[in-house]
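In this note's numbering, the protein residues as written are 30 to 224.
Some notes on the structure that comes next.
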């Protein structure tokens, strides 16, 4: 008699696990959306998927608006990202981006009404540890100095986000941060998952 209940019990257990693991992500996303709707945060986003046909360019003279570096999926993700912020009435005061064309193109497709400024510390991290620390400190200082009724968006390389926060974001995820509180190097205010 116990064997006939086994498939049912396994199904219920699997359903309970999926609900338990889904709730923290949903809660984290909702809480992060609520914070950025109030404003005053920095939103760290990695550039969308590159097509693989062109390597990211760090040359500021390259016209990234004329160079397509994102895959079809990457362009769709970038447009979806901007639509989500608009639908939630999230105010963006400023956009800083790395010099890479994929980050610049993601910023343009996501927030085309707001001009993005190139901020060199968001460029891919160097191998030299001292230079890497200096670059991350410049990003931290910019986050700490930001004050605004809206939010600051930083379109960065994934490695920069990891080094800054310790979080490995998915391509469809943003990490919301603010200046460090006591005992922190940076304050993680939440994560927004777009898919």
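Glycine is no exception: its CB is placed at the ideal position from the N, C-alpha and C atoms.
Since we're looking at a predicted model, the values are computed, not measured.
- Residue environment: residue 64 is assigned as buried (16 or more neighbouring CB atoms within 10 Å of its CB, all protein chains considered).
- Spatial neighbours of residue 111 in its own chain (CB-CB distance under 8 Å, excluding positions within 5 residues in sequence) are listed in chain order as 138, 139, 140 and 141.
- If the five residues before and after residue 122 are omitted, its C-beta is found closer than 6 Å to the C-beta atoms of 177 and 179, all from its own chain and listed in chain order.
- Residue state for residue 219 is assigned as strand, using DSSP reduced to three classes.
- Residue 210 counts as exposed, since fewer than 16 other beta carbons sit within 10 angstroms of its beta carbon.
- Residue 151 and residue 125 do touch by the CB rule: their CB atoms are close to 6 Å apart, below 8 Å.
- In the DSSP assignment, residue 134 falls outside any beta strand (DSSP E) and lies within the alpha helix (DSSP H) extending over 130 to 139.
- Residue 123: member of the beta strand (DSSP E) spanning 121 to 126, first to last residue.
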